[in-house]
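Residue numbers (this note's numbering): 10 to 257.
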């Protein structure tokens, strides 16, 4: 499978707030054909207009279907043409025990069934704490994966898995086909979002992570923050990855 190279639009949230359409135009000019919106229920109408104008699509999107307004999230996805809605996080307190992890798995499974009934695939995106939580030598994210229905895919944020202490290559190989997408980001490998940089400019073995999951449908560039120029980091991330891999 040749994965799609996408951009999580949360990366350019400040620029979108200043000039939504102009920022989408810049993202397209850098070479991106795909984006992953955030807050899909809030920006659906703007996305329909701007993505269409600049030749982009949104195969995946982040929303809040489990803990937020599921109906509004589904409606936003259907307007924009999103194929898979992804829950971007979870209550941290649920990761303090195995029972909490199983409770969260139940909520994800229930939401996946509801999304499927509306024609949407479903997934979950991790941060660091799902890997930092370890029970009897097993990362909590592995426990979650074992409890999830096959309908629930995992979008592995490779940076946060790395920061959380996982052997990320081994994690990706272990989870196998459960992984349906990757978040690709770079930096110094710490919790400090400001230390994130353009992909290829940091110390994280990004290409090793991508190689460990050759079956994924989407590789999604993201920076949570940076001290530099965010749009330049997005541009440079695309240029680096486009030089290293073939993308759909």
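We put the CB at the ideal spot given by N, CA and C, even for glycine.
A quick note: this is a predicted structure, and the numbers were derived from the prediction, not measured.
DSSP beta-bridge partners of residue i
| i | result |
| --- | --- |
| residue 132 | 95 and 162 |
Start and end residues, alpha helix (DSSP H) containing residue i
| i | result |
| --- | --- |
| residue 69 | No alpha helix (DSSP H) contains residue 69, which is instead part of the beta strand (DSSP E) from 69 to 71. |
| residue 59 | 49 to 63 |
| residue 245 | 239 to 253 |
| residue 27 | 22 to 27 |
| residue 127 | Premise fails: residue 127 is in no alpha helix (DSSP H) and is neither H nor E. |
| residue 8 | Examination of residue 8 is not possible in this model, given that the chain is present from 10 through 257 alone. |
| residue 182 | 177 to 184 |
Run of the beta strand (DSSP E) containing residue i, from where it starts to where it stops
| i | result |
| --- | --- |
| residue 191 | 188 to 193 |
| residue 139 | No beta strand (DSSP E) contains residue 139, which is instead part of the alpha helix (DSSP H) from 138 to 141. |
Residue burial classification, residue i (beta-carbon count within 10 angstroms, cutoff 16)
| i | result |
| --- | --- |
| residue 179 | exposed |
| residue 12 | buried |
| residue 145 | exposed |
| residue 20 | buried |
| residue 196 | buried |
| residue 112 | exposed |
| residue 148 | buried |
Which of helix, strand or coil DSSP assigns to residue i
| i | result |
| --- | --- |
| residue 228 | strand |
| residue 17 | strand |
| residue 151 | helix |
| residue 144 | strand |
| residue 44 | strand |
| residue 66 | strand |
| residue 206 | strand |
| residue 85 | helix |
| residue 157 | coil |
| residue 212 | coil |
| residue 77 | coil |
| residue 31 | helix |
| residue 256 | coil |
Residues of its chain near residue i, where Cβ-Cβ distance is below 8 Å and the 5 sequence neighbours each way are ignored
| i | result |
| --- | --- |
| residue 203 | 234, 235 and 236 |
Contact set for residue i: own chain, Cβ-Cβ below 7 Å, skip 5 residues either direction
| i | result |
| --- | --- |
| residue 37 | 63, 64 and 65 |
| residue 208 | 193, 194, 195, 215, 230, 246, 249 and 250 |
| residue 154 | 163, 184 and 187 |
Residues near residue i in its chain [Cβ-Cβ closer than 6 Å; skip 5 each side]
| i | result |
| --- | --- |
| residue 164 | 95, 132, 134 and 190 |
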